[in-house]
Amino acid sequence: MPTSNPVPYYDPAFVRQLFEEMATTYGVVNLISSFGFARRWRRQCVRAIPIRPGDRVLDLMTGMGEIIPDASRLIGAEGSVTAVDISARMCQRARKHTGGRVPCPVRVIEADVLSVDFPPESADVVLSSFGLKTLSSDQIRTLARRVHDVLAPGGRLSFVEISVPPSHRLRGPYMFYLRRAIPVLGALFLGNPENYRLLGVYTEAFGDCSDAYRSFAEAGLVVEPVSYFFGCATGVIGRKP
Ligand SMILES: C[S@@+](CC[C@H](N)C(=O)[O-])C[C@H]1O[C@@H](n2cnc3c(N)ncnc32)[C@H](O)[C@@H]1O
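Mind the numbering: the sequence shown is residues 132 to 372 in the numbering used here, read in order.
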């Protein structure tokens, strides 16, 4: 993608390459650049819906499996996690991050969430943290239908994504931070600053989870929007009737 082009590129192959390149620095840059908020929002995403011992959890766009420890504490040894990510290096890190460290079995699958075969009604819970922004509106609609199909009746979902806050006072400094400061942090941690700049571009184009909320509702799920810390992150929670 040309660097002057403000429109994000949603081809899964492009997104895959982006995260292949960021895999070694993503964890530390994400932690520092969000002032620890990312960790807190993941935890809130998990706690926003009922998750019970024995549940089968599907974690979409798992990255390094950051959300899995919190979820696995709730589902215990009888539960299971299937985690999906398109980046091979992110998957490797997710296996390392969770291997032997969580009470339940974890299966990490390297695949595109838009095309991988999910057995129908095979999940009690679908979770996803910070994966929506690199999907286009059409892709989010496709994903919403897939989430509907993979959830068992009564199954629950919770998604969270960094968002452009509605307050003008917050929006200016927050977007300055995303556009300018995060690429510098990316460079400091030996990453490619352009990749981290792109994350800000995706976030700006994404806006917030309102479009995703509509897509989940259209797919037949009973959903509600959620806002975290004055809208700096937003989410969608709900269930399959
Ligand atoms: C910003 S990271 C979020 C990682 C993690 N869930 C977290 O909480 O930090 C987004 C992840 O989504 C993955 N991803 C993006 N598009 C995908 C797709 N179509 N299918 C599967 N994974 C995808 C990327 O490889 C990347 O690891």
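A virtual CB, placed ideally from N, CA and C, is assigned to each residue, including glycine.
Since this is a predicted model, take the numbers as computed values, not measurements.
Given this structure, state the Cα-to-Cα distance separating residue i from residue j, to the nearest angstrom.
i      : j      : result
Glu209 : Gly196 : 19 angstroms
Glu390 : Leu301 : The chain is shown only over 132 to 372; residue 390 falls outside these bounds and no answer can be derived.
Val354 : Gly285 : 12 angstroms
Phe249 : Asn323 : 34 angstroms
Tyr157 : Ala225 : 12 angstroms
Pro304 : Gln148 : 29 angstroms
Asp280 : Pro184 : 22 angstroms
Ile104 : Ile182 : Within the shown structure, residues of the chain are numbered from 132 to 372, placing residue 104 beyond reach of any answer.
Thr134 : Arg328 : Model confidence at Thr134 stands at a pLDDT of 43, short of 50, so the residue's coordinates are unreliable; what they give is reported in the following sentence. Taking the straight line joining both Cα atoms gives about 10 angstroms.
Val244 : Glu252 : 16 angstroms
On the criterion of 16 or more Cβ atoms from any shown chain inside 10 Å, does residue i qualify as buried, or is it exposed?
i      : result
Val315 : exposed
Thr193 : buried
Thr213 : buried
Phe111 : Outside the displayed span of the chain (132 to 372) sits residue 111, for which this structure offers no information.
Gly262 : buried
Gly259 : Gly is not the amino acid found at residue 259; the sequence shown has Ser there. Classification for Ser259: buried.
What is the DSSP secondary structure of residue i, reduced to helix, strand or coil?
i      : result
Tyr308 : helix
Ala225 : helix
Tyr376 : Nothing about residue 376 can be reported from this structure: the residues present for the chain run from 132 to 372 only.
Ile206 : helix
Thr156 : coil
Thr193 : coil
Phe360 : coil
Ile391 : Residue numbering for the chain in the displayed model covers 132 to 372; residue 391 lies beyond these limits and cannot be assessed.
Among residues of its own chain, excluding the 5 on either side of residue i, which ones have a beta-carbon nearer than 7 angstroms to its beta-carbon?
i      : result
Phe361 : Pro296, Ser298 and Leu301
Ala364 : Trp172, Val291, Glu292, Ile293 and Ser294
Asn136 : Unreliable placement is indicated for Asn136, whose pLDDT of 47 sits below 50; the coordinate value is still reported in the next sentence. Closer than 7 angstroms at Cβ, skipping near neighbours: no residue.
Asp186 : Ile206, Gly210, Asp255 and Val256
Take residue i and list the residues in its own chain whose beta-carbon comes closer than 6 angstroms to its own, dropping the five residues that flank it on each side.
i      : result
Arg277 : none
Pro139 : Val332, Tyr333 and Ala336
Ala219 : Glu241
Val239 : Ala214, Cys222, Ala225 and Arg226
Phe150 : Ser218 and Met221
Thr229 : Gly196, Ile199 and Val237
Quick one: what's got a C-beta closer than 8 angstroms to residue i's C-beta in the same chain, skipping five residues either side?
i      : result
Tyr141 : Thr265, Leu266, Ser267 and Gln270
Val367 : Leu288, Ser289, Phe290, Cys340, Ala343, Tyr344, Phe347, Val354, Glu355, Pro356 and Val357
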